[in-house]
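S.K.:
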Amino acid sequence: MATDQDQFRLVSPAINHEGRLPRKYTDEGQGTKKNLSPPLEWYNVPEGTRTLALVVEDIDAPDPSEPIVRWTCWVVVNIPPTLKGLPEGFSGKEEEAGGDYAEIKEGSNDHKVPGWHGPKLPSHGHRFQFRLFALDDELKLGNKVTKEKLLDSIEGHMLGEAEFTTKF
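1 is the number of the first residue of the sequence shown in full-length UniProt numbering; add one for each residue after it.
(1) Take the Cβ of I59 as the centre, count every other Cβ of all protein chains shown within 10 Å, and call the residue buried at 16 or more, exposed below.
(2) If distances are taken between C-alpha atoms only, which option among L83, E88, E95 and S108 comes closest to T32?
(3) Counting beta carbon pairs with one atom in the region 130-137 and one in the region 89-97, are three or more of them shorter than 8 Å?
(4) Excluding the 5 residues flanking M1 on each side, which residues of the same chain have their C-beta closer than 6 Å to its C-beta?
(5) For F128, which residues in the same chain have their Cβ closer than 8 Å to its Cβ, ignoring the five residues on either side in sequence?
(6) Sort L83, V145 and K84 by Cα distance to G107 and report the nearest one.
(7) Just mark I15 as buried or exposed, buried being the case when its beta carbon has 16 or more other beta carbons within 10 Å.
(8) Measure the beta-carbon distance from P13 to P39 and round it to whole angstroms, keeping in mind my assumption that it falls under 8 Å.
(9) Could you check if V77 is buried or exposed, using at least 16 other CB atoms within 10 Å of its CB as the buried criterion?
(10) By a C-beta neighbour count over all protein chains shown, 10 Å radius and 16 as the cutoff for buried, is A102 buried or exposed?
(11) Smallest Cα separation from I79: which of E95, G98, T51 and E94?
(12) With burial defined as no fewer than 16 other Cβ atoms inside 10 Å of the residue's Cβ, what is the status of E94: buried or exposed?
(13) I'd like the ranges of any alpha helix (DSSP H) spanning at least 4 consecutive residues and lying wholly in the region 80-117.
Dropping the structure here:
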């Protein structure tokens with residue numbers, strides 16, 4: 001019988017599940033401790049996984065024309081399944097990190113720029129959902145990677161999904 005420890009899971013050593021997102025990962029941080037991508041770790045990647053993909057969204061974003069919309073903060077694709085996580089401040093440094101990190105590609109967030117863009121909110125209490133997808137095939141999304149293209153392309157290729165939620 002599988003236990004929670006055996007399940008595909010996603011965590012951050014800097015954020016407790018359902019905990020608060022520290023300011024340094026937001027647009028409200030200070031100086032060099034501002035808008036850093038948070039460190040992430042994953043465990044028990046499903047057998048047969050050829051690549052991993054990540055989507056981070058504010059799931060409580062207000063919109064003038066809708067009561068609530070999902071606001072994309074980060075899209076990351078082509079993460080090798082041999083990696084065990086992404087370090088703090090990784091966003092924008094994949095080529096600099098080299099090795100297995102060099103194949104990773106960051107997609108556009110809802111600010112229309114690639115990489116992590118933490119929240120700067122008019123009100124606090126928003127939930128941020130981190131979702132990691134284990135896929136059985138490499139993704140060919142072209143030069144402009146978006147959450148929509150990613151979610152459309154993983155249909156029928158998901159071996160597992162791990163997630164956690166935090167608040168800000």
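For each residue, glycine too, the CB sits at the ideal point set by N, CA and C.
Since the model is a prediction, treat every value here as computed from it, not as a measurement.
M.R.: On the basis of the coordinates in this document:
(1) Exposed: under 16 other Cβ atoms inside 10 Å.
(2) That would be E88, whose Cα lies nearest to the Cα of T32.
(3) Using a C-beta cut-off of 8 Å, the region 89-97 makes no contact with the region 130-137, since fewer than three inter-stretch Cβ pairs fall below that distance.
(4) In this prediction, M1 scores a pLDDT of 48, lower than 50, which makes its location untrustworthy; the coordinate-derived value is nonetheless stated afterwards. Cβ contact annotation for M1 (same chain, cutoff 6 Å, sequence separation greater than five): none.
(5) Within the same chain, L21, V56, E57, D58, I59, C73, P119, T165, T166, K167 and F168 come within 8 Å of F128 by CB-CB distance, once the 5 residues on both sides are set aside.
(6) Taking only the C-alpha atoms, the option nearest G107 is V145.
(7) Counting Cβ neighbours within 10 Å, I15 comes out buried, since at least 16 surround it.
(8) In this structure, P13 and P39 form a Cβ contact; the two beta carbons are roughly 6 Å apart against a cut-off of 8 Å.
(9) Per the 10 Å Cβ criterion, buried.
(10) Its Cβ having fewer than 16 others within 10 Å, A102 is exposed.
(11) Selection E95, G98, T51 and E94 evaluated against I79 yields T51 as nearest (Cα-Cα).
(12) By the neighbour-count criterion, in which a residue is buried when 16 or more other Cβ atoms sit within 10 angstroms of its Cβ, E94 is buried.
(13) When DSSP assignments are scanned along the region 80-117, the uninterrupted stretches of alpha helix (DSSP H) that are 4 or more residues long and fall wholly within it turn out to be 94-97.
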